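Counting in our numbering, the sequence shown runs from 445 upward without gaps.
Glycine included, C-beta positions come from ideal geometry on N, C-alpha and C.
A quick note: this is a predicted structure, and the numbers were derived from the prediction, not measured.
Structure record follows, encoded as C-alpha cells.
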Amino acid sequence: VVAVESPFFAQVEAQLELFLTTGQTEMMDTANWTTHQWLHFLRTMPEAISMERLTALDKSFGFTKTGNSEIAAEWFVLAIENDYRTADAAIEGFLIRVGRRKFLTPIYGALVTADPTMERARSIYEKARPNYHSVSTNTLDEMLDI
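Below, the structure is given as C-alpha cells:
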C-alpha cells in the first residue's frame, strides 16, 4: 500500500486534530473542502467517537442530510458503528434509494457488525431489495444469509 501525502490531506488532519482536542467545530476551517477532503476526514476519525461529538459534527456539517452519496455512505458507517441513532431514518432512506454496491456493502456490513442478529439489516433489506441490481442482491443475500 502506497501512502498518499497531500498538503490538502494534511490540512484535513490538522482540522481533525483540532476537533478531537477541543470537541468544537466552530474553529475548524472547512469552507473550501472537496468531497475527497471530507472523505479523508471521516475515514481518519477514531473508531469510537462520543454521541456529543457526532451530534456536533452533524449539526455543523449536515452529514446525515447530505445529498453527496460518497460522504453520506462514510458518515452512515461511522454513525452505525457508534450507535448514532439520529441518522437511522436517513440510513434506511439511503439504502432504499441508492443501489450502488460500493455504498451498500459497507453500510450493511456495519449494520451486521453492530447487530449480529441482522434484524435491522434484514428489515431494511426486505424493503430495499426490489430496487437493487442482481449484482448487489447476490452480494447482500450472501452477507445477510438470505
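For residue i versus residue j, is the C-beta spacing smaller than 8 Å?
i: Thr479; j: Ile524; result: no
i: Arg529; j: Thr583; result: no
i: Leu588; j: Arg566; result: yes
i: Ser578; j: Leu548; result: no
i: Met489; j: Leu462; result: no
i: Gly467; j: Arg487; result: no
i: Ile493; j: Phe520; result: no
i: Glu536; j: Ile568; result: yes
i: Ser513; j: Val542; result: yes
Please classify residue i: is it buried, with 16 or more other beta-carbons within 10 angstroms of its beta-carbon, or exposed?
i: Asn476; result: exposed
i: His484; result: buried
i: Met495; result: exposed
i: Phe452; result: exposed
i: Ala572; result: buried
i: Glu470; result: exposed
i: Ala454; result: exposed
Can you grab the Cα-Cα spacing for the pair residue i / residue j, in whole Å?
i: Met472; j: Ile590; result: 44 Å
i: Gly511; j: Val456; result: 21 Å
i: Ala554; j: Ser504; result: 24 Å
i: Thr508; j: Asp527; result: 13 Å
i: Ala500; j: Thr474; result: 14 Å
I need the boundaries of the alpha helix (DSSP H) containing residue i, first residue and last residue.
i: Trp482; result: 479-487
i: Ser386; result: Since the displayed the chain opens at 445 and closes at 590, residue 386 lies outside it and no answer follows.
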